[in-house]
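Notes follow the structure.
2 protein chains.
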Amino acid sequence: MTGDEQLDAAFSALAHPTRRAILARLAKGTATVNELAEPFDATLPAISKHIRVLEAAGLVTRGKDAQFRPCALDAKPLEAVSNWTDQYRFIWEARFDAMDRILNGMKETPDE
Amino acid sequence: MTGDEQLDAAFSALAHPTRRAILARLAKGTATVNELAEPFDATLPAISKHIRVLEAAGLVTRGKDAQFRPCALDAKPLEAVSNWTDQYRFIWEARFDAMDRILNGMKETPDE
DNA sequence: TGATTAATTAACTAAATGGTATAATATGTC
DNA sequence: GACATATTATACCATTTAGTTAATTAATCA
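Chains Z and S are the protein sequences, given in the same order.
Count the first sequence with full-length UniProt numbering and you get residues 1 to 112, in order.
Count the second sequence with full-length UniProt numbering and you get residues 1 to 112, in order.
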């Protein structure tokens, strides 16, 4: 998988609120599929699919314990997401700097 | 739009490599739709649709200059993405810390 | 063995996505 | 007004996504 494809997979996995909620749950520790499904209205197969999407993006790993499939968070791909986003940090921060100057009645380009 | 919906829109807008490339181009300054389309194989309507997706996510704003629609980057939603991702930073960093300890032959839990 | 529990697979549906080709709209120019 | 350029709108197609219900696989338990 290329870097682009990893980002594609990570971003589209993160684009669904249920999947982000699953990650939030897993940040507190591993959980079985049933435990992950419990807070949601969706059926078990639906959650199973969500987990598979997260797994394909490398965000979740699944173990095997008797008939249980304990899921664990792997936050590594989020580092790539964070690095990508950070490329633009100076832009949104610049925007705030500009707004600060406006709010403070300063000139946008100080000339003295 | 709720915070969840904003994240949904941002993450799914960012999930396509063409759209990320468009943002990268806009980071260097505004551009017309034709200019944005130039590096890609896709047809103009396809690029137009991508821009609309970015616009819906609040990542791009469009102006009006004669028959041109100059596009500009608005990185603000990326701050929300960054903040969301940062919740998990301690996890992926902990992973590296653990790996560092292993690579350096240190104990995982120092006891002296 | 038979029943129960955990999870996945299969088959299906509705809607969204990403793309195309072609037509339409709007603006500037000759 | 006629023409060229920039962009969007329409209509269409193929694929993917998100969900369902019902059936199936695995493992435990009684």
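Idealized CB from N, CA, C, for every residue including glycine.
Spanning the alpha carbons of Asp74/S and Ala13/Z requires a straight line of approximately 23 Å. Asp86/S sits away from Pro17/Z, with the two beta carbons spaced by 8 Å or more. Within the region 70-81 of chain S, those residues whose Cβ lies closer than 9 Å to any Cβ of chain Z are, in chain order, Leu73, Asp74, Ala75, Lys76, Pro77, Leu78, Glu79 and Val81. Nearest neighbour of Glu93/S by Cα position, chosen from Trp84/Z, Pro77/Z and Ile91/Z, turns out to be Pro77/Z. Listed along the chain, the chain Z residues whose CB falls inside 7 Å of the CB of Arg25/S amount to none; the nearest CB is some 13 Å away. For Arg89/S, the neighbours in chain Z by C-beta distance under 9 Å run, in chain order, Ala75, Leu78, Glu79 and Ser82. Per DSSP, reduced to three states, the secondary structure at Leu73/S is strand. Apart from sequence neighbours up to five positions away, the residues of its chain that approach Val60/S with a beta-carbon distance below 8 Å are Ile22, Leu23, Leu26, Ile51, Leu54, Cys71, Ala72, Leu73 and Asp74, ordered along the chain.
Rounded to whole angstroms, the separation of the alpha carbons of Val33/Z and Asp41/Z is 14 Å.
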